[in-house]
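Under our numbering, the first residue of the sequence shown is numbered 242, with each subsequent residue one higher.
Cβ coordinates follow ideal geometry from the N, Cα and C atoms, glycine included.
Here the structure is laid out as structure tokens; the discussion comes afterwards.
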Amino acid sequence: MEVSANNFDRLWEECKNDYIAAVAQVGESGWYILGRQVDAFEKDLAAWCGRNTAVGCGNGMDAMEIALRAAGIGCGDRVLTTPLSAFATGLAILRTGAEPAYCDTDEHGLLDPDAAEAALAADSSIRAIIPVHLYGQLADMPRFTAMAAARGITVIEDAAQAIGARRGGRGVGADGHPVAFSFYPTKNLGAIGDGGALLPAHADMDELARSIRNYGQSERYVHEIVGLNSRLDELHAATLRLAFLPRLESWLDRRREIAAAYLSGIDTPHVTLIPGPDPKAAGWHLFPVLVAPERRAALLNHLKQNGIQGGLHYPVLIPEQKAMTDRGAPVIHGTLSNARRFAQGEVSLPIHPYLTEAEVNHVVETVKDWNG
Numbered sequence: 242m243e244v245s246a247n248n249f250d251r252l253w254e255e256c257k258n259d260y261i262a263a264v265a266q267v268g269e270s271g272w273y274i275l276g277r278q279v280d281a282f283e284k285d286l287a288a289w290c291g292r293n294t295a296v297g298c299g300n301g302m303d304a305m306e307i308a309l310r311a312a313g314i315g316c317g318d319r320v321l322t323t324p325l326s327a328f329a330t331g332l333a334i335l336r337t338g339a340e341p342a343y344c345d346t347d348e349h350g351l352l353d354p355d356a357a358e359a360a361l362a363a364d365s366s367i368r369a370i371i372p373v374h375l376y377g378q379l380a381d382m383p384r385f386t387a388m389a390a391a392r393g394i395t396v397i398e399d400a401a402q403a404i405g406a407r408r409g410g411r412g413v414g415a416d417g418h419p420v421a422f423s424f425y426p427t428k429n430l431g432a433i434g435d436g437g438a439l440l441p442a443h444a445d446m447d448e449l450a451r452s453i454r455n456y457g458q459s460e461r462y463v464h465e466i467v468g469l470n471s472r473l474d475e476l477h478a479a480t481l482r483l484a485f486l487p488r489l490e491s492w493l494d495r496r497r498e499i500a501a502a503y504l505s506g507i508d509t510p511h512v513t514l515i516p517g518p519d520p521k522a523a524g525w526h527l528f529p530v531l532v533a534p535e536r537r538a539a540l541l542n543h544l545k546q547n548g549i550q551g552g553l554h555y556p557v558l559i560p561e562q563k564a565m566t567d568r569g570a571p572v573i574h575g576t577l578s579n580a581r582r583f584a585q586g587e588v589s590l591p592i593h594p595y596l597t598e599a600e601v602n603h604v605v606e607t608v609k610d611w612n613g
């Protein structure tokens, strides 16, 4: 039995009629950039997330950069974030002219509020915090909101992996912070191509973000700031809105069912499960487990030999990437021992809405059969 990390063939079979109809709407409209489809998708996405507005962007990293810039973050500022994330998190900070600063993660692989408090106490140049909702698990937003409010600094949520996730009854963006989403094809809400969106914190940020994404333009041929070319196109907006967003809730339900099956079924001393802070409400973009670093390759090989596509997220910490170290010594507060534990020992098991019960059971039994 073959079990893939994603199955776009099955997704296409379910969604193709709606997708093709959406493409036809765009083609027949004769308007392909920043038209009715983008406007409609932004409204639907904002409503789905319980927010007033959304701003479509070219990708998730651009959404994060635009959020930072619209919040006034730039040269001379530091932005505190996790070392354990996709490189885009750190790169978005650098592209504003600001400097990333890092502190450790907690036992879930999420930015540790205690470590963040210590970093803020030690470093007065930190002007923003980016908690990353890694794996589809929500960070402790009430803690980050409180510590930021006490210091008058900005919080921006990196929710590239966490649309629809909840923790303690509260969803992404519940505190009103700016939120950045990615619609990369493998995400829980993925386009057939690249895309992203920003949920602005307020009307002024919304207006500024729309200008930044479109060359810094305030009106046609008038550019008051240096912006980007980062517009969600009509085609992706239409297909996300008409083919994919209506299915998102059921997709999330299925991810949670699979995660529950893994959590209850995988019982072995050789693998540490990471249930997260609220497993029944998480987005479960990924299902991470931890093994001894020296045995990670063996588990991946065991999965492969049994037809299962395992993955790694993320084996090199952001501040230890050459692109970062070549700039000089990264700003690191405290130790990164928890983050390094994940980087060295994490393995991702397949989790997507189109896994069959037989495939889920095969993953469970294969992991249980591994002798470590």
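| request: Please state whether DSSP places C298 in a helix, a strand or coil. | output: Here DSSP, grouped into helix, strand and coil, assigns C298 to strand.
| query | To the nearest angstrom, how far is it from the Cα of D508 to the Cα of G405? | reply | 28 Å
| Own chain, CB closer than 8 Å to S578, minus 5 neighbours either side, in chain order | D345
| task | Measure how close the beta-carbons of P324 and I334 come, nearest whole angstrom, since I'm counting them as under 8 Å. | result | Actually they do not touch by this definition, with Cβ atoms about 12 Å apart.
| Proximal residues to R536 (C-beta, below 7 Å), its chain only, five neighbours per side dropped | G613
| message | Short of 6 Å in beta carbon distance, which residues of its chain neighbour C256, apart from the five on each side in sequence? Order them along the chain. | response | A484
| message | Judging by CA-CA distance, which residue of G317, C298, I370, L379 is the nearest neighbour of D519? | response | Each of G317, C298, I370, L379 was checked against the Cα of D519, and the nearest Cα belongs to L379.
| According to DSSP, is G412 helix, strand or coil? | strand
| said: Let's see if you can read the secondary structure: which residues bound the alpha helix (DSSP H) around G331? | reply: 328–336
| request: Report buried or exposed for P560, applying the criterion of at least 16 other Cβ atoms within 10 angstroms of its Cβ. | output: buried
| message | My output table needs one value for I559: the three-state DSSP class, helix, strand or coil. | response | I559 sits in a helix when the DSSP states are folded into three classes.
| request: Reducing DSSP to helix, strand and coil, say where E465 ends up. | output: coil
| said: Taking the beta carbon of R497 as the centre, do at least 16 other beta carbons fall within 10 Å, making it buried, or is it exposed? | reply: Flag for R497 reads buried.
| said: Do F422 and G301 count as a contact pair if the criterion is CB distance below 8 Å? | reply: A contact, by the Cβ cut-off of 8 Å.
| request: Classify N612 as helix, strand or coil using the three-state DSSP reduction. | output: coil
| Using the beta-carbon count (16 or more within 10 Å), is I592 buried or exposed? | buried
| field | Neighbour-count burial assignment, H477, 16 or more Cβ in a 10 Å radius | value | buried
| field | Straight-line Cα distance separating E348 from A339 | value | 28 Å
| said: According to DSSP, simplified to helix, strand and coil, what is P529? | reply: strand
| task | Starting from F485, trace the beta strand (DSSP E) both ways and give me its first and last residue. | result | Element bounds for F485: n/a, residue is neither H nor E.
| To which residues does DSSP link Q458 through a beta bridge? | In the DSSP secondary-structure assignment, Q458 is bridged to H464.
| query | I think V605 touches A502, with their Cβ atoms under 8 Å apart; what is that distance to the nearest whole Å? | reply | 7 Å
| query | Can you name, in chain order, every residue of its own chain whose Cβ lies under 7 Å from the Cβ of D447, other than the five neighbours on each side? | reply | T294, V296, P441
| query | Does DSSP put G552 in a helix, in a strand, or in coil? | reply | strand
| Since I370 and D399 are thought to touch, with beta carbons under 8 Å apart, how far apart are those beta carbons, to the nearest angstrom? | That belief does not hold up - the Cβ atoms of I370 and D399 are roughly 10 Å apart, past 8 Å.
| field | Local conformation of E398 per DSSP, three classes | value | strand
| Secondary structure of P594, DSSP reduced to three states | Annotated three-state conformation of P594 is coil, per DSSP.
| message | Assuming the contact rule is C-beta atoms closer than 8 Å, L321 and L361 should be a hit. Round their C-beta distance to whole Å, please. | response | With a contact defined as Cβ atoms closer than 8 Å, L321 and L361 qualify at about 7 Å.
| query | DSSP puts P341 in a beta bridge; with which residues? | reply | P341 has V320 as its beta-bridge partners, per DSSP.
| query | Does the segment 459–478 come within contact of the segment 276–293, defined as at least 3 CB pairs closer than 8 Å? | reply | Pairwise C-beta distances place the segment 459–478 in contact with the segment 276–293, as three or more of them are shorter than 8 Å.
| query | Taking the C-alpha atoms as reference points, what is the distance between H443 and V601? | reply | Rounded to the nearest angstrom, the gap between the Cα atoms of H443 and V601 is 42 Å.
| Would I466 pass as a contact of A311 if the rule is Cβ separation under 8 Å? | No, these two residues do not count as a Cβ contact at 8 Å.
| said: Does L210 come out as helix, strand or coil in the three-state DSSP assignment? | reply: Because residue 210 is not part of the residues shown, which for the chain are 242 to 613, the question remains open.
| To which residues does DSSP link V588 through a beta bridge? | V530
| request: Report the rounded CA-to-CA distance for L481 versus L493, giving the unit in angstroms. | output: If I take the Cα positions, the gap works out to 15 Å.
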